[in-house]
Structure formats: C-alpha cells, structure tokens
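The structure appears right after this line, and notes come after that.
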Amino acid sequence: MVTVGIDPHKHVHIAVAVRGDGRPIGTPLTVKNDALLIITLLKWIRSITDGTATWAIEDGRGFARRLADGLLLAGQEVVWVPSRLTAAHRKLHAATGAKSDPVDATVAAHAAIATPDLDRHRIDEHVRELRVLVDYRADLIKRRTMVINQLKAQLHVWLDHTPQDLTRAKNLAMVTTLTSTAQLSPHVRRALAGMTAEIAALNRQIRDLDTTIRQLVSPLAPTLLQVTGISYNSAAVLIAEIGDITRFPSSARLARYTGCAPIPVYSAGQERHRLHRGGNRRLNSVLYTTAIVQKRFSPAAQQLLAHHGPAKGTRGARRILQRHLIDVIHRAMTADQATWQHHITRHHNAA
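Here the sequence shown is numbered in our numbering, starting from 21 and rising by one per residue.
Right, here's the structure in full:
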C-alpha cells in the first residue's frame, strides 16, 4: 500500500509517495493550489502506482480543506496527521535536523504508516456550517471581553462607581448615564461612549448568533440536549469539534481525544496514572462546565461526587464525573446521529 504525504501551503502543496516500508517512490511533486489540483495529483499517483493510495495531509485544514474534499470525492482515502505527530517523526527520521517541504511531506507519510488510527477526512456540510458559527461566537466573546476590560479600566480612573457585568443591557445603560453626567472632557466622554456602544453591538451579535445556533442544533442533538448541563451552545461545540461520532468506536477513544482519560505513567510494576493535560481543550472546557452544573443540579452526579470525594479529593472526583459524562455524551450523540437526515461523505473503508 502506498501512502502519499502532503505538506499543504496557501499557494502550493508538496506531495511525496512512500511505500509501506517507508521508502519513497519517484520524486516529490509540487502542485499549485488551483482548479487542476486534484487532476494533477491523481495523474501523478497513477504514473507511479496503480492509483490506490492513502493521502496523509499534515493538519492545516484551512489551506488543505479543498484538497481533502477533492481527493475524498475522487474515491481516495484521506487522513489528517497532527502537527505534533509530524514533529515527533521529524526528529526520528531526520538525523541532520533538516526541515524542508519534501521532508515534511515524507514525515507526514511516515507518521500515517506508523499510526493507522488517524482521523479520516469526512464531508459534513451541516457540521461545517455549525463550526463556522461556533468559532465566530468564540471570537465575538473574546472581543467583547477585551473591550469590557478596557472600558472598566477607564471607568475606574474617571468614575467613582463601576457597574458590574457589562454584558447586561441594564448595566450598560447605567454606564451611559454615569458618563453623560460626570465631569469629563468631551474627548474622554466620546471614547467611553464608543466603547459602550461597541459592547452593546457585540451583545446583540452574540444574542443573534445564539438564536441561529439554537435553530441549527435542535434537530441535530435532541438526545444530547436532554443531558443536564448541556446547553445549546455546549451541544454546538460538541458537534462542531467531534463531527461524525462514528470516528470514535468507543467512549474510551473519545475520552482520550477530549483529555479526560488518565495516562499510565508507571514502570517496574508500580501502577500509577496521571491527569492528561492534552486533548481537545475546547471539548474539555465543555465537559468541565457540564460537570460543575451537574454538581449543583443532578442528584446522580452529587451521589457520584460524594462517593469518590473522600478518596480522590474534589478535583479527582470531578474528573471521574467528567469521564462518566463522556460515556453519556457518546451514547447520546450516537443515538442522535442515527436520526440525521443529511448525508455524510466518507471513504468506503472509513468507520
């Protein structure tokens, strides 16, 4: 079986074909990222093999999304190679420390050969649409937080009283009243009014986005939304980040992906595990928030925390709850996806 490693860039992609034993075939190909991209790649691979290959793309989905879509629609198997994995294999295979585009493409192929369970590329337009909205909302939240912090810093300088929680319209109106009646220069008043107006505009954008996300998530996650602590926005993040739940055959695989599975760190027969600080941090954040909500409102979660708290401590018990939530979420998303009406494009050998 031939594996083609690809190092993607904005204007060109570099491809290297590698045999199963890791030896390269032919010469590297540099192809323009244009309308003839897929045709050029397929002609090239058919000239040096029987046309069957696994395409291992270093994970730069912004640059390589169209490439991956085209290859998948052409019947090719496409896998994503995480950057940390290519970095590790580069150290193993490049004794001189050389780094170039052909080296990166070769390393991506070696990593794919050594790691057969890499994420397979899929096309799901509904999930992609939701991912755009989730990312945009997160960006708006960051912008709003930045402007609120800037405004609060100035209000502490110019006013005696600073309202709390400026995400609320009532408190923003109070800021407007205070700045309009305080003894301020016209320039300072104008600057404070501008920041206040910007926060109000961001609040409206976020509310409108929340409404849109709710409309999109409702038909996709009816079972998931019944889980205590899973809001519409939390469900949107889960769907956007996980996508096709079948890529995780078990909840244990999902737990490792989210950073909720403990890592074995023992030798010489002394068994010990530690917290996994890797994984998808956005998903880990959703699970943490869900666990905190369940601690307050779910009797079953309260019972689990009370049982494990004395031995594991507060944090340890919460991590056990998060791992339990992974099982619940995996079952819920599996049940929900079985009811989806839209088509997900996968390679025929993909799970």
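By construction, the Cβ of each residue, glycine as well, lies at the ideal position given by its N, Cα and C atoms.
Whether residue i touches residue j by CB criterion (8 angstroms)
i: L244; j: I346; result: no
i: A94; j: A37; result: no
i: D139; j: W100; result: yes
i: L229; j: V306; result: no
i: T50; j: E78; result: no
i: V22; j: T60; result: no
i: I143; j: L92; result: yes
i: A256; j: V154; result: yes
i: A213; j: W178; result: no
i: G279; j: N304; result: yes
i: A281; j: R343; result: yes
i: P122; j: P48; result: yes
i: H328; j: G336; result: yes
i: L87; j: L62; result: no
i: D402; j: P242; result: The structure shown does not extend to residue 402, since the chain is modelled only from 21 to 371, so the question has no answer here.
i: N389; j: Y286; result: With the chain covering only 21 through 371, there is no way to say anything about residue 389.
i: I233; j: R164; result: no
Buried/exposed call for residue i, threshold 16 Cβ in 10 Å
i: P28; result: buried
i: T126; result: buried
i: D41; result: exposed
i: E291; result: exposed
i: R338; result: buried
i: R43; result: exposed
i: H31; result: exposed
i: P283; result: Looking at the sequence shown, residue 283 is not Pro but Ile. Counting Cβ neighbours within 10 Å, I283 comes out exposed, since fewer than 16 surround it.
i: L112; result: exposed
i: R227; result: exposed
i: L236; result: buried
i: D180; result: exposed
i: L150; result: buried
i: N253; result: buried
i: H33; result: buried
i: R210; result: exposed
i: T199; result: buried
i: A55; result: exposed
i: R297; result: exposed
i: S67; result: exposed
i: V152; result: exposed
Beta-carbon contacts of residue i that lie in its chain and below 7 angstroms, excluding the five residues immediately before and after
i: T11; result: With the chain covering only 21 through 371, there is no way to say anything about residue 11.
i: I65; result: V24, A37, G71, A73
i: E218; result: V167
i: S103; result: E78, D79
i: V208; result: W178
i: F83; result: P28, H29, K30
i: D124; result: D27, E78, T106
i: D185; result: N191
i: A129; result: T23, V24, G25, V36, V38, A76
i: E261; result: N300, R302, L303
i: H293; result: P282, I283, P284, V285
Three-state secondary structure assigned by DSSP to residue i
i: W178; result: helix
i: D27; result: strand
i: P284; result: strand
i: P330; result: helix
i: I219; result: helix
i: T135; result: coil
i: T359; result: coil
i: T365; result: strand
i: R294; result: strand
i: H141; result: coil
i: V22; result: strand
Cβ shell of residue i (< 6 angstroms), same chain only, five flanking positions each side left out
i: Q314; result: T248, G249, A321
i: A131; result: V101, L105, T106, H109
i: H362; result: H146
8 angstroms CB neighbourhood of residue i in its chain, flanking five on each side removed
i: A371; result: The predicted position of A371 is uncertain, since its pLDDT is 42 and thus under 50; a value taken from the coordinates is nonetheless stated next. Contacts found: R140, T266, R267, P269.
i: A189; result: A220, N223
i: T196; result: A213, T216
i: V348; result: V247
i: L160; result: L222, Q225, I226, L229
i: A311; result: G249, A321, R338, L341, Q342, L345
i: Q170; result: M215
Cutoff 8 angstroms: residue i Cβ touching any chain D Cβ
i: L341; result: Of the protein chains in the structure, only one exists, and it is not chain D.
### Task
Let me know the alpha helix (DSSP H) ranges lying completely inside the region 228-276, each 4 residues or longer, listed in chain order.
252-262
### Task
Report the residue ranges of all alpha helix (DSSP H) runs contained in full by the region 36-104; include only those spanning at least 4 residues, in chain order.
57-68, 81-93
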